[in-house]
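Trainee: Those sequence lines, one after another, are chains A, B and C. Numbering of the first sequence is given in our numbering, commencing with residue 22 and proceeding in unit increments. Numbering of the second sequence is given in our numbering, commencing with residue 22 and proceeding in unit increments. Numbering of the third sequence is given in our numbering, commencing with residue 22 and proceeding in unit increments. Using N, Cα and C, we set each Cβ at its ideal position, and we do this for glycine too. Here the structure is a predicted model, which is why all the values come from computation and not from measurement. Provided herewith is a single structure, encoded as structure tokens, for subsequent inquiry.
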Amino acid sequence: MGLYLSELARQTGARLEGDDCLIEGIAEISAAQSGDIAFISNPKYLEHLAGTSASALIIKPEFLDDCPVPALITANPRLAYAKVANLLYPARKRESGISSNAIISATAKVGNSSSVAAGVVIYDNVVIGSNAQIGANCVIEEDVIIGENTRISPNVTVGYGSRIGDGCIIHSGVVLGADGFGFVKEGDSYLKIPQIGNVHIGNDVEIGANTTIDRGALENTVIGHGVKLDNQIQIAHGVTIGDNTVISAACAIAGSTHIGRGCLIGGLVGIVEHLEITDNVMITGRTMVTHSITEPGSYSSSTPMDTTANWRKNSARFRRLDELAKRVTKLEKTNKSAD
Amino acid sequence: MGLYLSELARQTGARLEGDDCLIEGIAEISAAQSGDIAFISNPKYLEHLAGTSASALIIKPEFLDDCPVPALITANPRLAYAKVANLLYPARKRESGISSNAIISATAKVGNSSSVAAGVVIYDNVVIGSNAQIGANCVIEEDVIIGENTRISPNVTVGYGSRIGDGCIIHSGVVLGADGFGFVKEGDSYLKIPQIGNVHIGNDVEIGANTTIDRGALENTVIGHGVKLDNQIQIAHGVTIGDNTVISAACAIAGSTHIGRGCLIGGLVGIVEHLEITDNVMITGRTMVTHSITEPGSYSSSTPMDTTANWRKNSARFRRLDELAKRVTKLEKTNKSAD
Amino acid sequence: MGLYLSELARQTGARLEGDDCLIEGIAEISAAQSGDIAFISNPKYLEHLAGTSASALIIKPEFLDDCPVPALITANPRLAYAKVANLLYPARKRESGISSNAIISATAKVGNSSSVAAGVVIYDNVVIGSNAQIGANCVIEEDVIIGENTRISPNVTVGYGSRIGDGCIIHSGVVLGADGFGFVKEGDSYLKIPQIGNVHIGNDVEIGANTTIDRGALENTVIGHGVKLDNQIQIAHGVTIGDNTVISAACAIAGSTHIGRGCLIGGLVGIVEHLEITDNVMITGRTMVTHSITEPGSYSSSTPMDTTANWRKNSARFRRLDELAKRVTKLEKTNKSAD
């Protein structure tokens, strides 16, 4: 029911300025009420400083003089805010124990203090670490290993042989370990290639709702430690993603592409198959990545939004852009010969 | 078992011309058989008028002279058709009652005449209004409120604290209230920001299969009354969508973006975070919206399809478009100085 | 526990060169160990030939002289490899029988040797063929027909009236037969149009995880024989897809569009409504298809990736492309009149 500001200072490493007080919640600075703590990172919110109703603020040292309430002083208010939020709002945890309405193979092992909800189906030889949570109506197929402190929301499917590390968070509707998409043409039709790899997920990975990660064709599909995947992302067979890479919603990454560490990939990005993306690459939203990226930096594609009327005119010209360029070259030659 | 044309006229407000007859089904005009009613809205289908096998048609007054069968006359045949279809094909309704194979908390309340199917898991303090339907294997977490006459298809997950209005339709695989995607960098890795907002859905909202709507970080994610969302849409934390806005499949809307009322958003549209889209905006398919839109109207991006061979040539020129423009400017200067 | 190379030759129609040996697994040539068979289709992997640890290789006749191990010789190593893989790794099959934890209507019929897992809910009048598998927590609504040898992974929803052929594979999270997205404006709000068609899936169709196929508005949504759909594809109401068409992940196909046979559609492709795409069309990744395609061939759109800095400059010019083209035309006229 709240923590004292001094305690929050101690636990976040921020410096307390002003009187101690009880903090019961967090809020945006414009909406904060008594009992709340808010933070200012972006100077554009400084206008709210004087009139704030928050009981305390998290700010940079340079804003202290203008701060009318007790404050936590830190060089990185957003990080301190996240730490405070984690202290005030610890992750929800279901009571440990196995629901009598879960169906669990006799050969599966569930660790101490773990929770398995109603409707869960767990197959043979599954091993679940301690303090894990398996949400209602999840299905965990054979030979899956799930680490300790990992939380799986309801209605998740984990295919046979998948490994999930410690401290992961997997949201509802996720499908891990469906078959990769591999076929060979035989006459007019297609013959399925068995997908015999697995899915390996590192520690501290978060996977958003309805994201799908396919099992490998031969090799495994591997998600590194600390990777954060938003909702509705598609990761194809044999993809590897390096540690601490962050991928926003609705991206699709095709087979056997390898993405480095510490990358930041915007929403709706597509990456074609068999590419190498080096470490620390940023890719802006909706980019279509069709070549490997060997240098860190920021990459983009797509075209800018316009009114439909303007866009139509410009877009029509795009279909003759090559011709236009040739006409310009011709003009240049004419001009030159006229010199 | 069918309704008389006179009854359909009465209930839709259309004018009956010709003899009354029993109507048992609806069909496209080219496929309609005896007993069916069809409609013509688009003049290009008028060619089917003379030879139709339908027992009746829904048409505009100006087509009456050419109509060989009884007709419902109305200025808006498509709307009358929808009303007729709703009369002939009322929404499917499961028998009311709670399945003995549903797992329901003792503190949850389910309204009169509601139906809760097998495999459903309902947590503490959930309140479900009267005449609602919860499909098989749905999971409804703590403190959710679901309005009356709302129908939820199988395999839906509703996260704790979500509110769903009256008369909503939620299709299978939908995930409401998964955590928003919020992290702060701490060294090389990312610290999760607790997502403490909820999801609030208005009345008469339809949500398509496998669409995901995340809970807010601080504020709530809010979907207005009458909003229609197609399949596989991703709505991030803190998004708000005004009443009666319609969004087609596979769109992704990033965090804290606010969309007005009465907007029409095509399929595969992306909208980046923290934007304001005013009321009555139309956005065509595949547009990437990177700036706020303050004026109603139609907006677009993307480039036109072509043969791959042509597209390659034009697309290569796009990478030097800035240079091309500078070359044109130089030519203009040369020409001017030559005058 | 493995098959002899001579047996693999016999069953694939390849020619055995060298000594017979026991093959226990398949692997990529660079990772293959003793007991493995690998294949080389792409000449760029020939460098691995001399030093391979594989017990046997599948190669074209022209590489035989350089092959240090026993080999299966064939004109199409990739196809032979797929056949070998299917022999060594037959599809996983659950024990036949109906789980005591499945909830099955008394009017449903399940064929011989079929398997229905725990948590499955099957409604009235469903008919499931012999040797089929229904994964845990699937929901099969009324009047669905599922063919023999069809395998459905966990957490799939099959809406009422759907028909699925023989030998299909349907991955987790798939939703078949949700309502199509059809509304008519009535004042400021939208009236739902009942969706009275069904979903019909042919034989030998594979449908990837979290893909959605809506029921038709009036007509059925029809997926032909041998169609392969990757993950997270959206197929709207009334779409038809011809036999042996292959569609990669994250595509969205809008209502009433008809796609021919033998098409290859890359990832993230969008196709707008009411189009006709003829047979044997290839569409490259991320293309937005806005017009019907009447000629076989390859089609594309989108723009190339660049560094964000370069892209910004070029992209800004795109908004004035029409003006640029007019300026070039003016220059051409000036030049001509100067002649």
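Since Ser322/B and Met303/B should fall inside the 8 Å C-beta cutoff, what is the C-beta to C-beta distance between them, to a whole number of angstroms?
Mentor: With a beta-carbon spacing of about 13 Å, Ser322/B and Met303/B fall beyond the 8 Å limit used to define contacts.
Trainee: Of the choices Gly182/B, Ala59/B, Ile234/B, whose alpha-carbon is the least far from that of His192/B?
Mentor: That would be Ile234/B, whose Cα lies nearest to the Cα of His192/B.
Trainee: In this structure, does DSSP put Lys213/B in helix, strand or coil?
Mentor: strand
Trainee: Give me the residue from Gly46/C, Arg340/C, Arg282/C with the minimum Cα distance to Ile268/C.
Mentor: Closest in alpha carbon position to Ile268/C, among Gly46/C, Arg340/C, Arg282/C, is Arg282/C.
Trainee: Going by DSSP, name the residue or residues bridged to Gly318/A.
Mentor: Per DSSP, the beta-bridge partners of Gly318/A are Val302/A.
Trainee: Among Arg99/A, Ala138/A, Ile166/A, whose alpha-carbon lies nearest the alpha-carbon of Asn158/B?
Mentor: Looking only at Arg99/A, Ala138/A, Ile166/A, the smallest Cα-Cα distance to Asn158/B is reached by Ala138/A.
Trainee: Cα separation between Asp300/A and Ile286/A?
Mentor: 12 Å
Trainee: Using 8 Å as the limit for Cβ to Cβ distance, is Val205/B near chain C?
Mentor: no
Trainee: On the three-state DSSP scale, how would you describe Leu285/A?
Mentor: strand
Trainee: With 16 other CB atoms within 10 Å as the buried threshold, where does Glu162/B fall?
Mentor: buried
Trainee: Could you spell out the range, first to last residue, of the alpha helix (DSSP H) harbouring Phe204/C?
Mentor: Where Phe204/C is concerned, there is no enclosing alpha helix (DSSP H), although the beta strand (DSSP E) it sits in stretches over 204–207.
Trainee: Would you list the one or two residues that DSSP bridges to Thr328/C?
Mentor: Tyr320/A
Trainee: Within 10 Å of its beta-carbon, does Gly218/A have 16 or more other beta-carbons around it, so buried, or fewer, so exposed?
Mentor: buried
Trainee: Check the Cβ of Asp327/C against every Cβ in chain A and list those closer than 8 Å, keeping chain order.
Mentor: Tyr320, Ser321, Ser322
Trainee: Express the C-alpha separation of Ser174/B and Gly180/B in angstroms, rounding to a whole number.
Mentor: It is roughly 15 Å from the alpha-carbon of Gly180/B to the alpha-carbon of Ser174/B.
Trainee: Taking only the alpha-carbon atoms, compute the straight-line gap between Met22/B and Ala271/A and give it to the nearest angstrom.
Mentor: A straight line joining the alpha-carbon of Met22/B with that of Ala271/A spans about 45 Å.
Trainee: Over the uninterrupted alpha helix (DSSP H) stretch that includes Val105/B, give me the two end residues.
Mentor: 98–109
Trainee: Determine whether the beta carbon atoms of Gln216/B and Gly237/B lie at a separation below 8 Å.
Mentor: yes
Trainee: By DSSP, does Ala337/B sit in helix, in strand, or in coil?
Mentor: Residue state, collapsed to three classes: helix.
Trainee: Rounded to whole angstroms, what is the Cα-Cα separation between Cys284/C and Ser210/A?
Mentor: 11 Å
Trainee: Here's a check: name, in chain order, each residue in its chain whose Cβ is nearer than 7 Å to the Cβ of Thr232/A, leaving out the five neighbours to either side.
Mentor: Val195, Leu250, Asn252, Gln253, Ile254
Trainee: For Thr128/B, which residues from the same chain have a beta carbon less than 7 Å from its beta carbon, with the 5 sequence-adjacent residues on both sides left out?
Mentor: Asp145, Asn146
Trainee: 8 Å is my cut-off, CB to CB: does Arg340/B come that close to chain C?
Mentor: yes
Trainee: Rounded to a whole number of angstroms, what is the C-alpha to C-alpha distance between Gly140/A and Ile80/C?
Mentor: If you take the alpha carbons of Gly140/A and Ile80/C, they lie about 49 Å apart.
Trainee: Should Ile50/A and Phe84/A be called a contact, given that it needs their Cβ atoms to be closer than 8 Å?
Mentor: No; because the gap between Cβ atoms is not below 8 Å, this pair is not in contact.
Trainee: Using the beta-carbon count (16 or more within 10 Å), is Glu297/B buried or exposed?
Mentor: exposed
Trainee: Inspect the CB distances between the segment 200–214 of chain B and the segment 198–209 of chain A and report whether three or more fall short of 8 Å.
Mentor: The segment 200–214 of chain B vs the segment 198–209 of chain A: no contact.
Trainee: Using the rule of at least 16 other Cβ atoms within 10 Å of the residue's Cβ for burial, across every protein chain shown, is Ser336/A buried or exposed?
Mentor: Around the beta carbon of Ser336/A, 16 or more other beta carbons lie within 10 angstroms, which makes this residue buried.
Trainee: Are any of the Cβ atoms in chain C nearer than 8 Å to that of Arg115/A?
Mentor: Not an interface residue.
Trainee: At a CB-CB cut-off below 8 Å, which residues of chain C make contact with Thr308/A?
Mentor: Met326
Trainee: I'd like the list of long-range same chain contacts for Lys104/C, defined as Cβ closer than 6 Å, with 5 residues on each side in sequence excluded.
Mentor: Thr33
Trainee: In terms of DSSP beta bridges, what is Ser136/A paired with?
Mentor: Gly118/A, Gln154/A
Trainee: Out of Ala257/A, Val226/A, Val177/A, point me to the one whose CA is closest to Asp187/A's CA.
Mentor: Out of Ala257/A, Val226/A, Val177/A, Val226/A has the C-alpha closest to the C-alpha of Asp187/A.
Trainee: Return the first residue and the last residue of the alpha helix (DSSP H) that Arg348/B is part of.
Mentor: Counting along the chain, Arg348/B sits inside the alpha helix (DSSP H) bounded by residues 342–359.
Trainee: Helix, strand or coil for Thr130/B per DSSP?
Mentor: Strictly speaking, residue 130/B in this sequence is Lys, with Thr absent from that position. Lys130/B falls in the strand class under three-state DSSP.
Trainee: Using beta-carbon positions only, say whether Thr328/C and Tyr25/A come within less than 8 Å of one another.
Mentor: no
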